Amino acid sequence: MTSTPVARPDEVRRYNRASLLRLLHVAGPRTRAALATELGLNRSTIKTLVDGLAESGVVEERVPRPGRGAGRPSLLVLPQPQAAVVLAINIQVEFVAIALVGLGGQILGRNSWNLHQRTRAPDDVITHVIESTTLLAADLNLRPVAAGVSLPGVVRRSDGHVHEAPNLRWTDVALGQRLTSALDVPVVVGNDAELGALAEHLRGTARGASDMVFISADIGVGGGVIAQGMPLRGAAGYVGEVGHMVVRPRGRSCYCGNEGCWETEIGEAALCRALKLPEESTRGTIVAELRDLSHDSRGWLDEFAEWLTLGLVNVVNLFGPELVVLGGLFTGLPAPVLDKIGEQVRDRSLVSRALGGVRIGTSALGNDVKLLGAAEAAFEGVLDSV
Numbered sequence: 052m053t054s055t056p057v058a059r060p061d062e063v064r065r066y067n068r069a070s071l072l073r074l075l076h077v078a079g080p081r082t083r084a085a086l087a088t089e090l091g092l093n094r095s096t097i098k099t100l101v102d103g104l105a106e107s108g109v110v111e112e113r114v115p116r117p118g119r120g121a122g123r124p125s126l127l128v129l130p131q132p133q134a135a136v137v138l139a140i141n142i143q144v145e146f147v148a149i150a151l152v153g154l155g156g157q158i159l160g161r162n163s164w165n166l167h168q169r170t171r172a173p174d175d176v177i178t179h180v181i182e183s184t185t186l187l188a189a190d191l192n193l194r195p196v197a198a199g200v201s202l203p204g205v206v207r208r209s210d211g212h213v214h215e216a217p218n219l220r221w222t223d224v225a226l227g228q229r230l231t232s233a234l235d236v237p238v239v240v241g242n243d244a245e246l247g248a249l250a251e252h253l254r255g256t257a258r259g260a261s262d263m264v265f266i267s268a269d270i271g272v273g274g275g276v277i278a279q280g281m282p283l284r285g286a287a288g289y290v291g292e293v294g295h296m297v298v299r300p301r302g303r304s305c306y307c308g309n310e311g312c313w314e315t316e317i318g319e320a321a322l323c324r325a326l327k328l329p330e331e332s333t334r335g336t337i338v339a340e341l342r343d344l345s346h347d348s349r350g351w352l353d354e355f356a357e358w359l360t361l362g363l364v365n366v367v368n369l370f371g372p373e374l375v376v377l378g379g380l381f382t383g384l385p386a387p388v389l390d391k392i393g394e395q396v397r398d399r400s401l402v403s404r405a406l407g408g409v410r411i412g413t414s415a416l417g418n419d420v421k422l423l424g425a426a427e428a429a430f431e432g433v434l435d436s437v
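Quick note: to get the numbering used here, add 51 to the position in the sequence shown (first position is 1).
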């Protein structure tokens, strides 16, 4: 007869403490009673945990704003942002953004700069990230305990090795190792769409959705999947290259070596062609054109919308999400166009019909979605040890 292992009391306390802290970090302030209910713990256990965290300066209790109810109000337990600070880094083709993010997801300070062809090399980007981080941390008098990095590429999750980031022209860059050595903190590197999915799941449009897909378009197209509340990462972390799903055989050549990839039909260059703009137009120009598009000109987007719909039908049939969140340039598409795409996906997807309809939404986190995703990747390894 095999005996069942029994967790030691100190292990149970650490687990409960981390669970409570994770709830406050993601969901925000809660009363002790709400914490007990949501975590399934008794009130005496919650009291012990909260008192210990308050004594350590990780949380504080505060009287909520006066309400209309009678009686003494319950104290709110709030995470203290500066109790645990991580560095978030978002490397894109045209810019880099960094931020120091505190417990609870609050951005405490940030910096960003544009990239050009001559400043896009890995050595230049890494050097600038390190220098900018040093200045930002000194200015705020904060020291990050971990870092997360988001970039558009194929990244090995175990050590942050960038196998390939074609739009950046990066190949075999030991990004995680180099930043870990320079910053002297644990560093997690992930594909930007995967981390965008994580951010939307925890803090954005997909909060509360246990099965969702995030599809984002910038210069390229990427995707991230949350399945049963957990990120789908694939072998070694290589997942999410939905932009290289072939949708148009013998179509336009793609840098990946195939022809007719989804990215060639719905990426930034394709959107420029649909809007009758030069393919090298800036993102600001594209967004402005979408915003000012007249009712009569929306027909320009018909073919673009059809390719976007076709790919989304494939994605929904493959992953069976309850929600698809569109990010990046897709958030600028006119509402009637997005509504029609949603209707078409629901009608043409076998899985959507079986589920009773899949919702199509847009990102609620704007340009910060991938930065916040990088922060949450860093916090994954922090909350158990705060």
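All C-beta atoms in this analysis are idealised placements derived from N, C-alpha and C, irrespective of residue type, glycine included. Every value quoted in this text rests on a predicted model; they were computed, and no experiment measured them.
Whole-angstrom distance between residue j and residue i, CA atom to CA atom
i: A84; j: V293; result: 43 angstroms
i: P203; j: K98; result: 44 angstroms
i: D61; j: G91; result: 18 angstroms
i: M52; j: R64; result: Here the model assigns M52 a pLDDT of 47, short of 50, so the residue's position is not dependable and the matter cannot be decided.
i: P372; j: E316; result: 23 angstroms
i: G79; j: L129; result: 7 angstroms
i: R94; j: R68; result: 14 angstroms
i: V264; j: E215; result: 23 angstroms
i: L422; j: G275; result: 15 angstroms
i: L143; j: D269; result: Looking at the sequence shown, residue 143 is not Leu but Gln. Looking at the two C-alpha atoms, the distance is approximately 9 angstroms.
i: E89; j: R397; result: 34 angstroms
i: H252; j: G335; result: 27 angstroms
i: G362; j: F370; result: 12 angstroms
i: Y289; j: P115; result: 45 angstroms
i: T256; j: A244; result: 15 angstroms
i: L406; j: N418; result: 31 angstroms
i: V239; j: V206; result: 10 angstroms
i: G412; j: V376; result: 5 angstroms
i: T170; j: V101; result: 48 angstroms
Proximity of residue i and residue j at Cβ, strictly below 7 angstroms
i: G199; j: A429; result: yes
i: N162; j: F146; result: no
i: R349; j: P385; result: yes
i: R113; j: L127; result: yes
i: G378; j: S403; result: no
i: A425; j: L186; result: no
i: A213; j: L230; result: Before going on, a small fix: residue 213 reads as Val here, not Ala. Contact: no.
i: A233; j: I181; result: yes
i: N141; j: S183; result: no
i: Q133; j: V109; result: no
i: L374; j: R410; result: yes
i: G156; j: V136; result: no
i: L434; j: R208; result: no
i: V388; j: L352; result: yes
i: G432; j: P195; result: no
i: G318; j: G291; result: no
i: P217; j: Y306; result: yes
i: G383; j: V437; result: no
According to DSSP, residues forming a beta bridge with residue i
i: I140; result: I149, V200
i: I277; result: M263, P282
i: L406; result: Answer is none; L406 lacks a bridge partner.
i: I411; result: V375
Residue interval of the beta strand (DSSP E) (run including residue i)
i: N162; result: 157–165
i: S267; result: 263–268
i: V367; result: No beta strand (DSSP E) contains V367, which is instead part of the alpha helix (DSSP H) from 353–370.
i: D420; result: One point to set straight first is that residue 420 is Val, not Asp, in the sequence displayed. That residue, V420, is in no beta strand (DSSP E); its alpha helix (DSSP H) goes 420–430.
i: R207; result: 205–207
i: D223; result: 221–224
Residue i beta carbon near the ligand SAH (any heavy atom closer than 6 angstroms)
i: G227; result: For the ligand SAH, the structure offers nothing, since it holds no ligand at all.
Start and end residues, alpha helix (DSSP H) containing residue i
i: R68; result: 60–78
i: I388; result: Position check: residue 388 holds Val in this sequence, whereas Ile was assumed. Taken as a continuous stretch (DSSP letters only), the alpha helix (DSSP H) holding V388 covers 386–399.
i: S215; result: Reading the sequence as shown, one finds Glu at residue 215 and not Ser. No alpha helix (DSSP H) holds E215; the beta strand (DSSP E) holding it covers 212–216.
i: G247; result: 243–254
i: V176; result: 173–191
Mind listing, in chain order, the continuous alpha helix (DSSP H) runs of no fewer than 4 residues lying wholly within the stretch 280–350?
313–317, 319–325, 334–342
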